[in-house]
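Protein chains in written order, with this note's numbering: chain A, 1 to 308; chain B, 1 to 433.
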């Protein structure tokens, strides 16, 4: 309060600021302390421990010793690591473009003022609110060899499809689940930004003879570019770290012969349980972290290049 | 100059951080220095008792049991916690690593082994040898770990696990519903017939073979000293060759490679699979959720080529680092003594592991009901039962084996090569400790 009050004429003008300066260095830290403590305890410390563990052969119940880069060297020769890496990368390559484009189209559809459109907006957003476990279980019942989807296919005279018995189809099903569940979330982001695109630009383009597709490519997309980059960054990170969808549809072993295992699922398989190889699982986690960070940087760099 | 000083400072900070991180990581896990061979002291104080998914069905039984113990030993208090079946090993592992393992823990032999190796389980041969003779020798020895001396859990209830089959599906396929397959030869013949006559629509089994199937088929899964897995011997290869034929004929469910036991059970209830292993508890479930299946349910033993069915053992491990070890030993023994095991066996279809308990009329005489039929048949088969799952077979190793079985059955690899690679990988994991 003292610092905010102007010093009356004739009084020592420097006294108040000095008091302010004396309090300044500690005050921000006090405000930050609760947040910093939480971040340190639940994010920073576990992260540092993981990095430390990746250089040891620690097991869940048995302490190990420092092994240098042995865990990382072992990764190179681990077939399951390459399977996991391949599946995680494929997941990003397939789901990210879909999650960048489909929610945008959906947002453009539901932003129109049509009677009853609020119902569709809510319906598209519902999967985001639903628990991934519940949704995954429902999908696994529907896609079962004797489930609803195959029942319909058989009723139409088609042969049943092994959605949950063929390794490729399991992964494709999990990708579809991820896209379906993520549509509403990214749609809301696009909806918020779409309202800021000046209507005049569309009108001007229309006057110049641009059709809907042309207006979409030349007006909407450039105006939403930074949002699309954000969506790409968010969805690529979560796609690379996918776990629940694959676990629920492919099972705890990661599909037939583990062929659908993703990197995060591999971390869970290797690092948990009474015989968990904590050191090796930590090395895997560090690799996941580095790749995720790389993905983010790549997307941001692409955005910066576009801006330049 | 300033830049280089800054660089030195930041590399020093980085080095310090790295040292700190490594030091911290050394603290994350650690074997406690505890006495695993004695439990001397007064029987008093508070202990925690953890069961494995038993509260929902047997709450009254356990509450009365705990009451009885607390009255018999004044000054004691037992806090009972129950954990769900799913993720049980992970829960124990988190507790053990965090130093919060309960004092008395319900374990199977494969869960007891890593805890014993980490010096967290009390060695009962040293700390409570006076109780050894009360139990069946096979049950007492079920938690002996190769390479270690001692026994690490009080034997509790036993089971062989009945195999259910659908008599209607058997009948429809022209198989005798009153004469289910008892050996693997008979099983494979029946499964191929079922697949052929149902045009591949009805599978006989919903899961791929597990380590227990290898054991029951007559495969020696591990060497006697417990130092190497041997399931890749010719008999094991032969088993996979025969399962491969079943898979190709459609006698295995199409989702057999990824099915969990729950999913397999659901298929059996949907009557798209003709046989499925389970427990006596499943009978009530069939009666309630699948009455049309219940009308045609058949119960038999799992197929066996050795004459020795598989025995599932549950035990009570005493935490060697507990504060009231004497109380924990007294309680674990109290829960598993002949009287209380008999009482528990009357609550559900499990079998006592105490000497002579299986001779009583309850386990030998029929009264015409399904429950009794399962009970008497299972009790009889327990006389010769052995535990085919090596205590050293970890979840990691089970996954390795299942993946190898899948590759062999699909024809990605020859059964011999797949099993050989799996045995090598399991042996590598075994050496890691």
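Virtual Cβ for every residue (Gly too), placed ideally from N, Cα, C.
Computed from a predicted structure; not experimentally measured.
> Using a beta-carbon distance below 8 Å, is residue 435 (chain B) in contact with chain A?
Replying inline: Within the shown structure, residues of chain B are numbered from 1 to 433, placing residue 435 (chain B) beyond reach of any answer.
>> Judging by CA-CA distance, which residue of A:272, A:121, A:72 is the nearest neighbour of residue 189 (chain A)?
In response: Taking the first residue of the first chain as 1, we reach residue 189 (chain A) at position 189. Of A:272, A:121, A:72, the residue nearest in Cα terms is A:121.
>> Taking a contact to mean a Cβ-Cβ separation below 8 Å, would you say residue 342 (chain B) touches residue 357 (chain B) in this structure?
In response: Against the second chain, residue 342 (chain B) aligns to sequence position 342. Against the second chain, residue 357 (chain B) aligns to sequence position 357. Yes, the Cβ-Cβ distance between residue 342 (chain B) and residue 357 (chain B) is below 8 Å.
>> If we define contact as Cβ-Cβ less than 8 Å, is residue 323 (chain A) a contact residue for chain B?
In response: This structure gives no information on residue 323 (chain A), because the portion of chain A shown stretches from 1 to 308.
> If you draw a straight line from the alpha carbon of residue 361 (chain B) to that of residue 183 (chain B), how long is it in whole angstroms?
Replying inline: Numbered from its first residue, the second chain carries residue 361 (chain B) at position 361. Numbered from its first residue, the second chain carries residue 183 (chain B) at position 183. Taking the Cα positions, residue 361 (chain B) is about 29 Å away from residue 183 (chain B).
>> Please report the straight-line C-alpha distance between residue 147 (chain A) and residue 284 (chain B), rounded to a whole angstrom.
In response: If you number the first chain from 1, residue 147 (chain A) lands on position 147. If you number the second chain from 1, residue 284 (chain B) lands on position 284. Straight-line Cα distance between these residues: approximately 25 Å.
> Can you name, in chain order, every residue of its own chain whose Cβ lies under 7 Å from the Cβ of residue 326 (chain B), other than the five neighbours on each side?
Replying inline: Walking along the second chain from the start, residue 326 (chain B) turns up at place 326. Taken in chain order, the residues that qualify are 39, 40, 41, 42, 43.
> How would you write the range of the beta strand (DSSP E) that residue 335 (chain B) sits in, first residue to last?
Replying inline: Here the question's residue 335 (chain B) lines up with position 335 in the second chain. In the DSSP assignment, residue 335 (chain B) falls outside any beta strand (DSSP E) and lies within the alpha helix (DSSP H) extending over 325-336.
>> Residues of chain A with CB closer than 8 Å to the CB of residue 120 (chain B), please, in chain order.
In response: Translated into the one-based positions of the second chain, residue 120 (chain B) becomes position 120. Ordered by position in chain A, the residues that pass the 8 Å Cβ test against residue 120 (chain B) are 61.
> Among B:390, B:224, B:246, B:143, which one has its Cα closest to the Cα of residue 200 (chain B)?
Replying inline: In the second chain, the residue the question calls residue 200 (chain B) occupies position 200. For the residues B:390, B:224, B:246, B:143, the minimum Cα distance to residue 200 (chain B) belongs to B:246.
> Under 7 Å Cβ-Cβ, which residues of chain B neighbour residue 145 (chain A)?
Replying inline: Within the first chain, numbered from 1, the residue matching residue 145 (chain A) stands at position 145. Under the 7 Å cutoff, chain B gives 254, 255.
>> Among B:220, B:377, B:297, B:260, whose alpha-carbon lies nearest the alpha-carbon of residue 271 (chain B)?
In response: For the purposes of this step, residue 271 (chain B) is identified with residue 271 of the second chain, where counting begins at 1. Closest by alpha carbon: B:297.
> Out of curiosity, what's the CA-to-CA distance linking residue 353 (chain B) and residue 385 (chain B)?
Replying inline: Indexing the second chain from 1 puts residue 353 (chain B) at position 353. Indexing the second chain from 1 puts residue 385 (chain B) at position 385. Computed Cα separation, rounded: 12 Å.
> Can you list the residues of chain A that residue 97 (chain B) reaches, using a CB-CB cut of under 7 Å?
Replying inline: As a working mapping, residue 97 (chain B) is identified with position 97 in the second chain. Going along chain A in sequence order, the residues near residue 97 (chain B) (Cβ under 7 Å) are 60, 61.
> Smallest Cα separation from residue 417 (chain B): which of B:310, B:59, B:401, B:429?
Replying inline: Here residue 417 (chain B) refers to the residue found at position 417 of the second chain. When each option's Cα is compared against that of residue 417 (chain B), the closest is B:401.
> Roughly how many angstroms lie between the CA atoms of residue 62 (chain A) and residue 117 (chain A), to the nearest whole one?
Replying inline: In the first chain, counting from the first residue as 1, residue 62 (chain A) sits at position 62. In the first chain, counting from the first residue as 1, residue 117 (chain A) sits at position 117. So the two alpha carbons sit approximately 59 Å from each other.
> Which term fits residue 375 (chain B), buried or exposed, when burial requires 16 or more other beta carbons within 10 angstroms of its beta carbon?
Replying inline: Working through the second chain from its first residue, we reach residue 375 (chain B) at position 375. By the neighbour-count rule (16 or more Cβ atoms within 10 Å), residue 375 (chain B) is buried.
> Going along the chain, which residues of the stretch 194-211 of chain A sit with their C-beta nearer than 9 Å to a C-beta in chain B?
Replying inline: none
>> Just to confirm the assignment, what range does the beta strand (DSSP E) spanning residue 79 (chain B) have?
In response: As a working note, residue 79 (chain B) is residue 79 in the second chain. Boundaries of the beta strand (DSSP E) around residue 79 (chain B): 76-83.
> So what does DSSP say about residue 270 (chain B), is it helix, strand or coil?
Replying inline: On the second chain, residue 270 (chain B) is found 270 positions in, with the first residue counted as 1. In the structure shown, residue 270 (chain B) sits in coil (DSSP, three-state: anything other than H, G, I, E or B).
>> Rounding to the nearest angstrom, what Cα-Cα distance links residue 10 (chain A) and residue 25 (chain A) in this structure?
In response: The count along the first chain starts at 1 and reaches residue 10 (chain A) at position 10. The count along the first chain starts at 1 and reaches residue 25 (chain A) at position 25. With a pLDDT of 44 at residue 10 (chain A), under the threshold of 50, the predicted position of this residue should be treated as unreliable, and no value is reported.
>> Within a Cβ cutoff of 8 Å, which residues of the same chain sit near residue 149 (chain A), ignoring the five residues on either side of it in sequence?
In response: Here the question's residue 149 (chain A) lines up with position 149 in the first chain. Excluding positions up to five away in sequence, the list reads 142, 143, 161, 163.
>> DSSP has residue 205 (chain B) in a bridge; who is on the other side?
In response: For the purposes of this step, residue 205 (chain B) is taken as residue 205 along the second chain, with counting starting at 1. In DSSP, residue 205 (chain B) forms a bridge with B:252.
> Taking the continuous alpha helix (DSSP H) assigned at residue 240 (chain A), which residues delimit it?
Replying inline: Here the question's residue 240 (chain A) lines up with position 240 in the first chain. Here the alpha helix (DSSP H) through residue 240 (chain A) covers 221-240.
>> Give me the chain A residues within the contact set of residue 433 (chain B), using Cβ-Cβ distance strictly less than 8 Å, ordered along the chain.
In response: Taking the second chain and counting its residues from 1, one reaches residue 433 (chain B) at position 433. Those are 59, 62, listed as they occur along chain A.
> Is DSSP giving residue 98 (chain B) helix, strand or coil here?
Replying inline: For this step, residue 98 (chain B) is matched to residue 98 along the second chain. In the structure shown, the three-state DSSP call for residue 98 (chain B) is helix.
>> Using 8 Å for Cβ pairs, my map puts residue 269 (chain B) next to residue 293 (chain B). What's the rounded Cβ distance?
In response: Here residue 269 (chain B) is taken as the residue at index 269 of the second chain, counted from 1. Here residue 293 (chain B) is taken as the residue at index 293 of the second chain, counted from 1. 6 Å between Cβ atoms; contact.
> Would you say residue 89 (chain B) faces chain A, with C-beta separation under 8 Å as the test?
Replying inline: Position 89 of the second chain holds residue 89 (chain B). Chain A, which has a Cβ nearer than 8 Å to the Cβ of residue 89 (chain B), makes this yes.
>> Give me the chain A residues within the contact set of residue 111 (chain B), using Cβ-Cβ distance strictly less than 8 Å, ordered along the chain.
In response: Your numbering for residue 111 (chain B) matches position 111 in the second chain. Contact annotation for residue 111 (chain B) against chain A: 274 [CB-CB distance below 8 Å, chain order].
> For residue 30 (chain B) and chain A, any beta-carbon pair shorter than 8 Å?
Replying inline: For the purposes of this step, residue 30 (chain B) is taken as the residue at position 30 of the second chain. Confidence at residue 30 (chain B) is low in this model, with a pLDDT of 48, below 50, so its placement is unreliable and no value can be given for it.
> residue 248 (chain A) to residue 130 (chain A), Cα distance in whole Å?
Replying inline: Position 248 of the first chain holds residue 248 (chain A). Position 130 of the first chain holds residue 130 (chain A). Looking at the two C-alpha atoms, the distance is approximately 15 Å.
>> From the DSSP secondary-structure annotation, give me the bridge partner or partners of residue 386 (chain B).
In response: Here residue 386 (chain B) corresponds to residue number 386 of the second chain, with the count starting at 1. In DSSP, residue 386 (chain B) forms a bridge with B:310.
>> Let's test the definition: count the other Cβ atoms within 10 Å of the Cβ of residue 73 (chain A) and tell me whether it reaches 16, buried, or not, exposed.
In response: If you number the first chain from 1, residue 73 (chain A) lands on position 73. Residue 73 (chain A) should be labelled exposed.
> Quick one: what's got a C-beta closer than 7 Å to residue 51 (chain A)'s C-beta in the same chain, skipping five residues either side?
Replying inline: Taking the first chain and counting its residues from 1, the one referred to as residue 51 (chain A) is at position 51. Contacts found: 286.
> Helix, strand or coil: how does DSSP classify residue 108 (chain A) here?
Replying inline: Here residue 108 (chain A) refers to the residue found at position 108 when the first chain is read from its first residue. Residue 108 (chain A) falls in the helix class under three-state DSSP.
>> Helix, strand or coil for residue 154 (chain B)? Go by DSSP, reduced to three states.
In response: For the purposes of this step, residue 154 (chain B) is taken as the residue at position 154 of the second chain. Note: residue 154 (chain B) maps to strand in three-state DSSP.
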